[in-house]
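Have a look at the structure below, then the notes.
In the numbering used here, the protein residues as written are 55 to 463.
This is how it looks when you write it as structure tokens:
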């Protein structure tokens, strides 16, 4: 079996642009949640979000590409540029052994709405010809392919909040079966808009701690009241192990296993059984016994039922070991990046292995008696971890788990 390793990382997030800035804020437990500035949220039940701040696409992209594409594509292209630089990949036009797999929940929905509003205002006289290729969900992967010359496999998972994780798992599968040697993989999302906030508010899914934004996302805490909408992109360069060794590049970790399954239960509610089955599938794929797992980067959305279901699933899979391993939710700092969440959290998991530091779950102040695991409360912790999981669960009952390990673990 061909082994898959991580050789490059790139990130655009609410707590930092670039891996160094992101990791520092993550380690220090800094919240990226503020009052929404992209539009006036007055009148909406939730007026807070984790926005990417200080991002100027013209620093990274040609203006002609910026005006033709939605923000989620800008994020993906920027994170890809960072990841390829980090991996020291030399691009060559027409590389059929390099592919792209980038997931998203809704792609360029804001551009769709903007285009439709413009069409109505113009009384149906015309539409920008670049609108359609600017908002299609697969066009983050498409633009990355065009910009890098990658002509290998190309894929786009659109599986809600599991999209980024599934995109990474799918990319690893391409490498394992010898369809590619290198894959650019991850997720991208930019959905902070009145329409999306209103829709999630109608589901009562969002936190309404509007007076104290930085404490609103509080996974596993007894007083959690919903997630905080976020945005960004995480990109990993995945590579076949021997290919990476021949290049002499830095290897962060091995992507040792991947599991995915469906709840077949409910459109929006999650299932502890589905979560447990997915973790078991990933562990089996990586040939890892549960007792050897040191850390889980949880889906941990800060919604009452999801956090409870994930906790119960971890207990079911790991038994007594569930109380010995560490579990944390970086959504407490980044908010929920939807289709990009699994990718950014996979990146955070890889960095935890790289640095031997567990990122905290911030805003954890009141223990829920039903959520009684070690959630690394409020402060990062040094730990010599060797094997870690990253969980992602989405609407429609889609589940994905990635298993990462240090090569020496």
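Think of the CB as a built atom: it goes at the ideal place given N, C-alpha and C, for glycine as much as any other residue. Keep in mind it's a predicted model, so treat the numbers as computed, not measured.
Exercise. Residue range of the beta strand (DSSP E) that residue 237 falls in?
Worked result: For residue 237, the enclosing beta strand (DSSP E) covers residues 236-243.
For this session: Using beta-carbon positions only, say whether residue 460 and residue 294 come within less than 8 Å of one another.
Result: no
Problem set entry | Straight-line Cα distance separating residue 175 from residue 347 | 56 Å
Exercise. Between the C-alpha atoms of residue 223 and residue 438, what's the straight-line distance to the nearest angstrom?
Worked result: 25 Å
Exercise. Got a sec, what are the start and stop residues for the beta strand (DSSP E) residue 338 sits in?
Worked result: Unbroken run through residue 338 is the alpha helix (DSSP H), 326-340; no beta strand (DSSP E).
Problem set entry | Cβ pair residue 275, residue 422 closer than 8 Å | Taking C-beta atoms as the reference points, residue 275 and residue 422 count as a pair closer than 8 Å.
For this session: Could you please give me the residues that DSSP links to residue 152 through a beta bridge?
Result: 236
Exercise. Are residue 444 and residue 219 touching if we call contact CB-CB under 8 Å?
Worked result: A contact, by the Cβ cut-off of 8 Å.
For this session: Consult DSSP for residue 78 and reduce its assignment to one of helix, strand or coil.
Result: Correct three-state label for residue 78: helix.
Exercise. Is residue 70 buried or exposed, if buried means 16 or more other CB atoms sit within 10 Å of its CB?
Worked result: buried
For this session: Kindly identify the DSSP beta-bridge partner or partners of residue 390.
Result: 283, per the DSSP bridge assignment.
Exercise. Going by Cα to Cα distance, which pick from 441, 334, 291 and 119 is closest to residue 139?
Worked result: 291
Problem set entry | Contact belief for residue 395 with residue 215 at Cβ below 8 Å, rounded distance in angstroms | 6 Å
Exercise. Exposed or buried, which one is residue 97 when buried takes at least 16 other CB atoms within 10 Å?
Worked result: exposed
Exercise. What are the start and end residues of the beta strand (DSSP E) that includes residue 445?
Worked result: 441-448
Exercise. Between the C-alpha atoms of residue 431 and residue 417, what's the straight-line distance to the nearest angstrom?
Worked result: 8 Å
Exercise. For residue 87, which of 113, 264, 229 and 244 has the nearest alpha-carbon?
Worked result: Put simply, of 113, 264, 229 and 244 the residue whose alpha carbon is nearest the alpha carbon of residue 87 is 264.
For this session: Evaluate the contact criterion for the segment 391-407 versus the segment 361-370: three or more CB pairs, one atom per stretch, below 8 Å.
Result: The segment 391-407 makes no contact with the segment 361-370; the number of CB pairs closer than 8 Å stays below 3.
Exercise. Which stretch, first to last residue, makes up the alpha helix (DSSP H) that contains residue 167?
Worked result: 163-175
Problem set entry | Three-state secondary structure (DSSP) of residue 68 | coil
For this session: Return the chain-ordered list of same chain residues with a C-beta closer than 6 Å to the C-beta of residue 345, the five sequence neighbours on each side being excluded.
Result: 375
For this session: Determine the closest residue to residue 383 out of 352, 315 and 391, with distance taken between C-alpha atoms.
Result: Residue 383 has its Cα closest to that of 352, out of 352, 315 and 391.
For this session: Please name the residue or residues paired with residue 431 in a DSSP beta bridge.
Result: 415
For this session: Have a look at 198, 127, 357 and 180 and flag the residue whose alpha-carbon is nearest the alpha-carbon of residue 149.
Result: 198
Problem set entry | C-alpha gap between residue 286 and residue 338, whole angstroms | 31 Å
Problem set entry | residue 351 - partner residues in DSSP beta bridges | 382 and 444
Problem set entry | Burial state of residue 372, where buried means 16 or more other Cβ atoms lie within 10 Å | buried
Exercise. Who are the near neighbours of residue 356 in its chain, counting only those whose CB is closer than 6 Å to its CB and skipping five residues on each side?
Worked result: 271, 272, 273, 278 and 281
Exercise. What residue range is occupied by the uninterrupted beta strand (DSSP E) comprising residue 452?
Worked result: From DSSP, the beta strand (DSSP E) with residue 452 extends over 452-459.
For this session: Reducing DSSP to helix, strand and coil, say where residue 275 ends up.
Result: Three-state result, residue 275: strand.
Exercise. From residue 81 to residue 65, what distance separates their C-alpha atoms?
Worked result: 15 Å
Exercise. What's the call for residue 472, buried or exposed, on a 16-neighbour Cβ count within 10 Å?
Worked result: Examination of residue 472 is not possible in this model, given that the chain is present from 55 through 463 alone.
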